[in-house]
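Each remark here refers to the structure printed beneath this line.
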Amino acid sequence: MGRDWVLRQLESWWGDPSRQDRMFLLQGGPGVGKSAFAVHLAHFGRDKVVAASFYWYDKVAYPIRRHAL
Numbered sequence: 011m012g013r014d015w016v017l018r019q020l021e022s023w024w025g026d027p028s029r030q031d032r033m034f035l036l037q038g039g040p041g042v043g044k045s046a047f048a049v050h051l052a053h054f055g056r057d058k059v060v061a062a063s064f065y066w067y068d069k070v071a072y073p074i075r076r077h078a079l
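Residues 11 to 79 (this note's numbering) make up the sequence shown, in order.
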């Protein structure tokens with residue numbers, strides 16, 4: 011996929027028993043591979059993924075991530 015660095019970061023996050031956060035936010039500009047990575051994750055990480063959502067929002071109207079929740 012050419013996004014091995016993202017996969018390594020996600021695996022590090024998953025493997026850290028001291029982590030406090032339960033959400034992994036994947037964000038980036040158009041065409042960088044977010045959707046392709048999400049499909050890969052949904053297929054190969056299905057034993058660890060409880061839910062996945064895609065959000066599109068107007069940055070002017072929703073400048074804070076928690077609004078997407």
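Backbone N, C-alpha and C fix where the C-beta goes; we use that ideal spot for every residue, glycine too.
For clarity, every value in this text was computed on a predicted model and none was experimentally measured.
So, for Arg29: in the same chain, excluding its five sequence neighbours on each side, which residues have a beta-carbon less than 6 Å away from its beta-carbon?
What you label residue 29 is simply residue 19 of the sequence shown in a count that begins at 1. So the list is empty, once near-sequence residues are dropped.
Whole beta strand (DSSP E) runs in the stretch 34–67 with 3 or more residues, listed along the chain?
none
In terms of alpha-carbon separation, which member of Arg56, Lys44, Asp26 lies closest to Asp14?
Taking the first residue of the sequence shown as 1, we reach residue 14 at position 4. Checking every option, the nearest Cα to that of Asp14 belongs to Lys44.
For Arg29, which of helix, strand or coil comes out of DSSP?
Numbered from its first residue, the sequence shown carries residue 29 at position 19. Coil.
Alpha helix (DSSP H) segment containing Arg18, residue limits:
Looking up residue 18 in the sequence shown gives position 8. From DSSP, the alpha helix (DSSP H) with Arg18 extends over 14–24.
Are the CB atoms of Leu36 and Phe47 within a distance shorter than 8 Å?
Residue mapping note: residue 47 aligns to position 37 of the sequence shown, counting from 1. Residue mapping note: residue 36 aligns to position 26 of the sequence shown, counting from 1. Yes, Cβ-Cβ distance for Phe47 and Leu36 is below 8 Å.
If you drop the 5 nearest sequence neighbours on each side, which residues of the same chain put their C-beta closer than 7 Å to that of Val42?
As a working mapping, residue 42 is identified with position 32 in the sequence shown. If we look at Val42 and ignore the five residues flanking it on each side, it has no Cβ neighbours.
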